[in-house]
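Residue numbering for the sequence shown is 1 to 553, as defined by the UniProt record's numbering. Take a look at the structure below.
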Amino acid sequence: MIETIERDNMQYDVVIVGAGPAGLSAAIKLKQLAQAAGREISVCVVEKASEVGAHTLSGAVIDPIALSELLPDWKERSAPLRVEVTEDKVLFLTEKHAIPLPVTPNFDNHGNYIISLGELVRWLGEQAETLGVEIYPGFAASEILYHADGSVKGIATGNMGMGKDGSPTDNFQPGMELWAQQTLFAEGCRGSLSKQIIKRFSLDQNSDAQTYGLGIKEIWEIAPEKHRQGLVLHSSGWPLDTKTYGGSFLYHLDDHKVAVGFVVGLDYQNPYLSPFDEFQRFKTHPAIRDTFAGGRRIEYGARALVEGGFQSIPKLSFKGGVLVGDAAGFLNMPRIKGIHTAMKSGLLAAEAVFPILDNLEEIESVEQGKEAVQYRTLFDQSWAYTELYAARNVRPSFQWGLLFGVMYTGMEQLFFKGRLPFTFKHHGKDNEQLKKAAACKPIEYPKPDGVLTFDRLSSVFLANIAHEENQPSHLVLKNPQVMMDINYKEYASPETRYCPAAVYEIVEENGAPQLQINAANCVHCKTCDIKDPTQNIVWICPEGASGPNYGAM
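Laid out in structure tokens, this is it:
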């Protein structure tokens, strides 16, 4: 049995789970602190993607404030920040019209850059490696290891070469245990291990339930005469109804490329809503579609994002480790930015962790993990706290409808700037917001034309997904029958619509409907883990190097 196979171990001072902007920033900062102190520390980063950046997706416009703190000479180091924002536009869309809105402070991108986050994290990975950080892509952290006292000891990477039935094949290789004095969980939104850590240590008992959005993105090459390098455009309104939070972005990169995307809050109520189809429909708006005339779509991807903001940030530290970046919910939703705050959380975590690292020859001698309690204090004293606190009421204001949310946001941003003496609470978990199908009206979406609008399968092809077909499914059903008894009968199988990758499908089997899971299509967005009404779907890490292979997302 696999349980009896002994795993080898490797020992580090710090292990970081996830090579995103938060994890890599922490790794770089730790090495900088060690150099300044004349110490040697070992830092390891494990990344489930086939290479650093292959699972990285964001809009993305970056505020370079945290990057400048981490690497003040980033321009001289040729960081991939090439396109400075030259113009901001904000539109409110009706079905046929586009109403210009004032550019409030949260949408003012003066001094910011339009980037590919995938390119940025690849560059950060290079900077980390030059400092001696060990980065291991293609290794999925699948298990948390604990000391006898319950503190975190490290992580174990997943077994390789498992068959669909869960038994080892001829290619079986056991995972590796990585022990550390401190383990930093930087998995991003809804990380599978971060979720376990939050539950085990009750880190969210004094915070609001996290709320999420689903972001879907395409990269297009457009006609030169349509291109306006540096233009940033955001919209709200159509095609979403007034009870559903969401909006679009359209960013003009260099080389005649544009990034276009759509975000739908996962607290939506109608089970017939399809975020993917809302995005396709958005591109047909008269004020939008002309941008793509004569162009071609070259990349596609999707990911969930944390929207809860300040009041949903859990306790950040625990014995043996900390949470950083989107794993802790550092996104500023009103600004539609989280890269700079994720990076700042990595810097703060490193500053809190480094002083409690002992000079040890063998991590094996560590019997229990210390807690970096200073992390929260450093956050409370930082600009990240000030920024997130000021924005805390914007996202929850939309639970009372689009009109109230827009009016409140404008007032808050222009006049009060976060100083009002109250904090709105979020209305609960996203999976609890769905209404029963019988109480909702089905939504008829137009068929894709294959030129401007597309179906899911042709989109998934552009995500360059690779999954070992013989491995066990990484989409686990706690009770398969629930998917038919409750999801199908009561909610009209919403998983077939909220999934942006055609993973879930209702098929006829022996004359009866059954749920078919096409796990090989999965883009690792985590939406099913969040939105499933009964929380019956559990997303776990597949084999390392599985999933999408994004180029410049």
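A virtual CB, placed ideally from N, CA and C, is assigned to each residue, including glycine.
- D241: not part of any alpha helix (DSSP H); DSSP gives it neither H nor E.
- Between the beta-carbon of L348 and that of S312 there is about 18 Å, and that puts the pair past the 8 Å contact cut.
- In the structure shown, the three-state DSSP call for P168 is strand.
- In the DSSP assignment, P21 falls outside any beta strand (DSSP E) and within the unbroken alpha helix (DSSP H) covering 21-37.
- With a threshold of 16 other beta carbon atoms within 10 Å, M407 falls short and is exposed.
- When C-alpha distances from Y550 are compared across N464, I530, S42, the shortest belongs to N464.
- The C-beta distance from S25 to L70 rounds to 6 Å, short enough to meet the 8 Å contact threshold.
- When C-alpha distances from V264 are compared across P21, H426, D73, T211, the shortest belongs to T211.
- With 16 or more neighbouring CB atoms inside 10 Å of its own CB, M162 falls in the buried class.
- Annotation: V460 to N171 spans about 28 Å, alpha carbon to alpha carbon.
- Between the alpha carbons of D326 and P442 lies a distance of about 33 Å.
- Secondary structure of W400 (DSSP, three-state): helix.
- Closest in alpha carbon position to R77, among I41, T86, G125, N112, is G125.
- The three-state secondary structure of H234, taken from DSSP, is strand.
- The C-beta separation of R7 from K526 comes to about 27 Å, leaving the pair out of contact by the 8 Å criterion.
- In the displayed model, I356 falls within a helix according to three-state DSSP.
- The beta carbon of L462 sits closer than 6 Å to the beta carbons of E299, Y300 from its chain, once the five residues preceding and following it are set aside; these are given in chain order.
- For V503 against N518, the beta-carbon gap comes to about 5 Å, under 8 Å, which counts as contact.
- In the DSSP assignment, S68 falls within the alpha helix (DSSP H) that extends over 65-70.
- The three-state secondary structure of Y550, taken from DSSP, is coil.
- Nearest neighbour of V45 by Cα position, chosen from E278, D449, T157, turns out to be T157.
- Per DSSP, R497 is one residue of the alpha helix (DSSP H) stretching across 495-498.
- Between H234 and the set G450, N470, L457, A60, the nearest pair of CA atoms involves A60.
- Around the beta carbon of S458, fewer than 16 other beta carbons sit within 10 angstroms, so the residue counts as exposed.
- Y491 carries a helical assignment under DSSP once its states are collapsed to helix, strand and coil.
- Of the residues assessed, R281 falls on the buried side of the cut-off, its CB having 16 or more other CB atoms within 10 angstroms.
- Given a length threshold of 3 residues, each whole run of the beta strand (DSSP E) inside the region 162-222 is given here in chain order: 168-173, 177-185, 212-221.
- Membership of E278 in the alpha helix (DSSP H) is indicated by the continuous run 275-282.
- Between T386 and S397 the beta-carbon gap is near 20 Å, outside 8 Å, which marks them as no contact.
- Of V103, F92, D108, L57, the smallest CA-CA separation from D63 is found for D108.
- Here P533 is buried. Its C-beta has 16 or more other C-beta atoms within 10 Å.
- Around the beta-carbon of R335, 16 or more other beta-carbon atoms lie within 10 Å, marking it buried.
- Contact annotation: D13 and L266 have beta-carbon atoms that are not nearer than 7 Å.
- The three-state secondary structure of I540, taken from DSSP, is coil.
- Relative to R297, the option among V103, E221, P72 whose CA is nearest is E221.
- The three-state reading of DSSP puts H340 in helix, counting H, G and I together.
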